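Undergrad: Sequence order for the protein chains is L and H. Following the working numbering from start to finish, the first sequence increments by one per residue and tops out at 266. Following the working numbering from start to finish, the second sequence increments by one per residue and tops out at 1295. Yeah, the Cβ is synthetic: ideal placement off N, Cα and C, and Gly gets one too. Bear in mind that the values here come from a model prediction, so they are computed numbers and not experimental data.
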Amino acid sequence: MAEQTQDQNGAPTMVTAMDDSEPTPALVFNGVSMVYPDGTHALSETSFSVHPGEFVTVVGPSGCGKSTLLKIASGLNPPTTGFVSVERSKVGYVFQDATLLQWRNVQHNVELLAELQGMPKAERHHRAAESIKLVGLSGFEKKYPKQLSGGMKMRASLARTLVLDPEVFLFDEPFGAVDEITRERLNDEVIGLFGRERFAGLFITHSIGEAVFLSTRVLVMSARPGRIVAEFKVPFEYPRRPELRFDPEFANLSGQISYELRGAHA
Amino acid sequence: MSTAEFPFIVPGTDAGAVEDTVLDAPPPTPQDKFEWNTIIGPLVTFVIFLAIWEWMHRTGMRMLFDKPGFLLPSPVTVVDQAFLRHKPRRKLLGGLYWTAFVSVIGLFLSIVVGMTLAVIMARAKWAERAVYPYLVALQATPVLAVVPVIAAVFGGGLGPRIFVCVMISIFPIASNTLFGLLSADKGQHDLFTLSEVSRFTRLRKLQFPSAMPAIFTGFRIAAGLAVVGAVVGEQFFRQGSKPGIGIVIEEYRQKIKFPEIYGGLIIIAGLGVTVFLIFGWLTKVVVGHWHESNR
Chain L
1 MAEQTQDQNG APTMVTAMDD SEPTPALVFN GVSMVYPDGT HALSETSFSV HPGEFVTVVG
61 PSGCGKSTLL KIASGLNPPT TGFVSVERSK VGYVFQDATL LQWRNVQHNV ELLAELQGMP
121 KAERHHRAAE SIKLVGLSGF EKKYPKQLSG GMKMRASLAR TLVLDPEVFL FDEPFGAVDE
181 ITRERLNDEV IGLFGRERFA GLFITHSIGE AVFLSTRVLV MSARPGRIVA EFKVPFEYPR
241 RPELRFDPEF ANLSGQISYE LRGAHA
Chain H
1001 MSTAEFPFIV PGTDAGAVED TVLDAPPPTP QDKFEWNTII GPLVTFVIFL AIWEWMHRTG
1061 MRMLFDKPGF LLPSPVTVVD QAFLRHKPRR KLLGGLYWTA FVSVIGLFLS IVVGMTLAVI
1121 MARAKWAERA VYPYLVALQA TPVLAVVPVI AAVFGGGLGP RIFVCVMISI FPIASNTLFG
1181 LLSADKGQHD LFTLSEVSRF TRLRKLQFPS AMPAIFTGFR IAAGLAVVGA VVGEQFFRQG
1241 SKPGIGIVIE EYRQKIKFPE IYGGLIIIAG LGVTVFLIFG WLTKVVVGHW HESNR
């Protein structure tokens, strides 16, 4: 059964059986707050950490500062106060939109980040082919973004980040724009990748089901200025199967998170 | 829970990919099929046009405008006198050569200077503020008013004629390139920012490719204007050697040789259409495979 802790800085507890995880967190937020130049108070005093092998999801409604959290984590925006500790070169960022370059086909889009980092052509070609296969886009290498569906674009975007083999994966509501069925399939893929790569994941979403299905921990965020009001551990083992979504325990945990969310936004 | 009841997708397997494409199908690719009406349509218009022209020559000129028919010779006469006879053909094609020469050089210079200005303007807001108003001023000044001044100061050589072409065609190139360079998606910029790339890399791999459709639209507009500029220039540079088509037409006008005049007009129109088609084709080759509208 899910266990709720209110201690945001609580000691890291591995939920799943992962003995090879290292004791130092991959990503640390320490008293981070964000006030935009226009006076918008997006984030207030937020502290948490994500360890290798942990998949942490932040749920909250639109406009509560979730995306700000990731922008700060990646270094795109500096925080107003507090600090973030993360190895920037090992961060992979999956954007809200697929942000594929329209003039590149799938293969060359997936190679982009490696290319920008100066990886030799042969190596990045090989790696791109591998991640394309991993996300199930084999056979679509020569297609251009306008020839792809929304879900396939997100797969390509995922593959592009995978090429760099990141240790910290930041997901900014990546499947918000695709339909429910595609979203569930993409969730299965992310779970599969997580099972294989064991990165540290920080995932932003407004879907409770997605949060519970993917993560080892769920953080509930309040309305703006955002702060973390509740934390849930998700006890299910990996690899997780699609039918987990119909498990009573799953429903129970989702209900508790939903309750907290409503409390936070009443 | 038995897995048999819930078929699920194992990431990375081909089964998963195939299933997904069924559920989440990509948009259909439009087929390039040969359609007869792409030829018949223009052909019908052309025949109607010729018929009206012939009718105007025989009856319409007198009936509608009370003018003699020889002011608008029959298309047959035009083709015969302007194109099938050696001397006028040579003269008209010579004019075409110089007009095309001036337009192409002018267009080329506009592209080089206009795009350079656009890159500088895209780099910094202050540079845009320093340059753009003057481009607008240049665009707003009627070329017809400036050309006589240029003619009076520099005479009618090729240089001043090319200069007029640049004047008239630089604005659409500079403004479209600038617009294109600034049009890249915010998320795509973030992507490049996270990779900590140099400004030059960002320009080369993000801004220029995404600007291509706008740049080519600018080229197409500018190419048409360059031809206009070349012909307009010639109206004021009559005394110059290396006569362009505008000068040749003017000579025929003075000699009241109407078939040759209309022949000259057809040639100018042909040059304009050719330029348009070339750039339409170039646009299709360069951005047609990824850009939504390749027209």
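For the segment 1084 to 1105 of chain H, which residues have a CB atom closer than 9 Å to at least one CB atom of chain L, in sequence order?
TA: Answer set for the segment 1084 to 1105 of chain H: empty.
Undergrad: Confirm, please, whether the CB-CB distance from PHE1237 of chain H to ARG1161 of chain H is below 9 Å.
TA: Going by C-beta atoms, ARG1161 of chain H is nearer than 9 Å to PHE1237 of chain H.
Undergrad: Against PHE1209 of chain H, what residues of chain L qualify as contacts under a CB-to-CB distance less than 9 Å, listed in chain order?
TA: Checking the sequence shown, residue 1209 of chain H turns out to be Pro, not Phe. Ordered by position in chain L, the residues that pass the 9 Å Cβ test against PRO1209 of chain H are LEU101, GLN102, TRP103, ARG104.
Undergrad: Give the interface partners of SER74 of chain L over in chain H, defined as CB-CB distance under 7 Å, in chain order.
TA: Chain H residues near SER74 of chain L: LEU1194.
Undergrad: Please return the same chain residues whose Cβ sits closer than 6 Å to the Cβ of SER258 of chain L, not counting the five positions on each side in sequence.
TA: ILE208, listed in sequence order.
Undergrad: How many angstroms separate the CA atom of GLY1280 of chain H from the CA atom of ALA1223 of chain H?
TA: Taking the straight line joining both Cα atoms gives about 11 Å.
Undergrad: Compare the C-beta of VAL1285 of chain H with all C-beta atoms of chain L and state if any pair is closer than 9 Å.
TA: No, VAL1285 of chain H does not count as interfacial toward chain L.
Undergrad: Give a yes or no on whether the minimum CB-CB distance between GLY1187 of chain H and chain L is below 9 Å.
TA: Output row for GLY1187 of chain H: interface = yes.
Undergrad: Does the beta carbon of ILE1206 of chain H sit closer than 9 Å to a beta carbon anywhere in chain L?
TA: The amino acid occupying residue 1206 of chain H in the given sequence is Leu; Ile does not appear at that position. LEU1206 of chain H counts as touching chain L.
Undergrad: Is the CB of MET1115 of chain H under 9 Å away from at least one CB in chain L?
TA: No, MET1115 of chain H does not count as interfacial toward chain L.
Undergrad: For a cutoff of 9 Å on Cβ pairs, would you count VAL91 of chain L as touching chain H?
TA: Yes, VAL91 of chain L counts as interfacial toward chain H.
Undergrad: If ALA200 of chain L sits next to GLY53 of chain L, beta carbons under 8 Å apart, how far is it from one beta carbon to the other, in whole angstroms?
TA: The Cβ separation is near 7 Å, so the contact holds.
Undergrad: Check whether the Cβ of GLN117 of chain L lies closer than 9 Å to any Cβ atom in chain H.
TA: Yes, GLN117 of chain L counts as interfacial toward chain H.
Undergrad: Going along chain H, which residues have a C-beta under 8 Å from TYR36 of chain L?
TA: Ordered by position in chain H, no residue passes the 8 Å Cβ test against TYR36 of chain L, which lies about 15 Å from the chain.
Undergrad: Jot down the residue ranges of each uninterrupted alpha helix (DSSP H) in the segment 169 to 238 of chain L, minimum 4 residues, whole runs only, in chain order.
TA: List check, alpha helix (DSSP H) in window: 180 to 197, 208 to 214.
Undergrad: Could you list which residues in chain L have their beta carbon closer than 8 Å to that of THR1217 of chain H, in chain order?
TA: Ordered by position in chain L, no residue passes the 8 Å Cβ test against THR1217 of chain H, which lies about 16 Å from the chain.
Undergrad: With the cut-off set at 9 Å, would you say LEU162 of chain L and GLY92 of chain L are in Cβ contact?
TA: Yes, the pair counts as a contact, with Cβ atoms nearer than the cut-off.
Undergrad: Taking the C-alpha atoms as reference points, what is the distance between SER21 of chain L and PRO61 of chain L?
TA: With a pLDDT of 47 at SER21 of chain L, under the threshold of 50, the predicted position of this residue should be treated as unreliable, though the coordinate-derived value follows. Rounded to the nearest angstrom, the two C-alpha atoms are 32 Å apart.
Undergrad: GLU1292 of chain H by DSSP, collapsed to three states: which one?
TA: Reduced to three states, the DSSP call for GLU1292 of chain H is coil.
Undergrad: THR24 of chain L: buried (16+ other C-beta within 10 angstroms of its C-beta) or exposed?
TA: Classification of THR24 of chain L: exposed, given that the 10 Å Cβ count is below 16.
Undergrad: Assign LYS1333 of chain H to buried or exposed, taking buried as 16 or more other Cβ atoms, counted over all protein chains shown, within 10 Å of its Cβ.
TA: Residue coverage of chain H in this structure runs from 1001 to 1295, which leaves residue 1333 of chain H outside it and unanswerable.
Undergrad: For HIS210 of chain L versus VAL220 of chain L, is the C-beta distance shorter than 9 Å?
TA: It should be noted that the sequence gives Glu, not His, for residue 210 of chain L. Contact: no.
Undergrad: Return yes when the Cβ of SER254 of chain L is within less than 9 Å of the Cβ of GLU173 of chain L, no when it is not.
TA: No, they are not a contact pair.
Undergrad: Give, in chain order, every unbroken run of the beta strand (DSSP E) that is at least 3 residues long and sits entirely within the segment 71 to 98 of chain L.
TA: Entirely contained in the segment 71 to 98 of chain L, the beta strand (DSSP E) runs reaching 3 residues are, in chain order, 81 to 86, 91 to 94.
Undergrad: When DSSP builds the beta bridges, which residues end up paired with THR994 of chain H?
TA: Given that chain H is displayed from residue 1001 to residue 1295, the structure contains no residue 994 of chain H and the question cannot be resolved.
Undergrad: Under the rule that 16 or more other beta-carbon atoms within 10 Å means buried, what is ALA1140 of chain H, buried or exposed?
TA: That one is exposed.
Undergrad: Check whether chain L comes within 9 Å of ASP1066 of chain H, counting only Cβ atoms and requiring the distance to be less than that.
TA: Not closer than 9 Å to any Cβ of chain L, the Cβ of ASP1066 of chain H fails to qualify, so no.
Undergrad: Just mark PHE250 of chain L as buried or exposed, buried being the case when its beta carbon has 16 or more other beta carbons within 10 Å.
TA: PHE250 of chain L should be labelled buried.
Undergrad: How about LEU1282 of chain H: is its C-beta nearer than 9 Å to some C-beta of chain L?
TA: Not closer than 9 Å to any Cβ of chain L, the Cβ of LEU1282 of chain H fails to qualify, so no.
Undergrad: Under three-state DSSP, which class holds MET34 of chain L?
TA: Note: MET34 of chain L maps to strand in three-state DSSP.
Undergrad: Check each residue of the segment 1032 to 1066 of chain H: if its Cβ is closer than 7 Å to any Cβ of chain L, include it; give the result in chain order.
TA: Against chain L - using a Cβ distance shorter than 7 Å - the segment 1032 to 1066 of chain H contributes no residues.
Undergrad: Three-state secondary structure (DSSP) at LEU164 of chain L?
TA: Coil at LEU164 of chain L, not helix or strand.
Undergrad: Would you call the segment 1189 to 1209 of chain H and the segment 85 to 102 of chain L touching, i.e. three or more CB-CB distances under 8 Å?
TA: Verdict: yes, contact present.
Undergrad: Output, in chain order, the set of chain H residues within a Cβ distance shorter than 9 Å of ASP165 of chain L.
TA: Within 9 Å Cβ-Cβ: nothing; ASP165 of chain L doesn't reach chain H, min ~15 Å.
Undergrad: Could you tell me whether the segment 128 to 136 of chain L touches the segment 151 to 169 of chain L, using the rule of 3 or more Cβ pairs below 8 Å?
TA: Touching, yes.
Undergrad: If you measure beta-carbon to beta-carbon, which residues of the segment 143 to 172 of chain L are closer than 7 Å to chain C?
TA: Absent here is chain C; the protein component of the structure consists of chains L and H.
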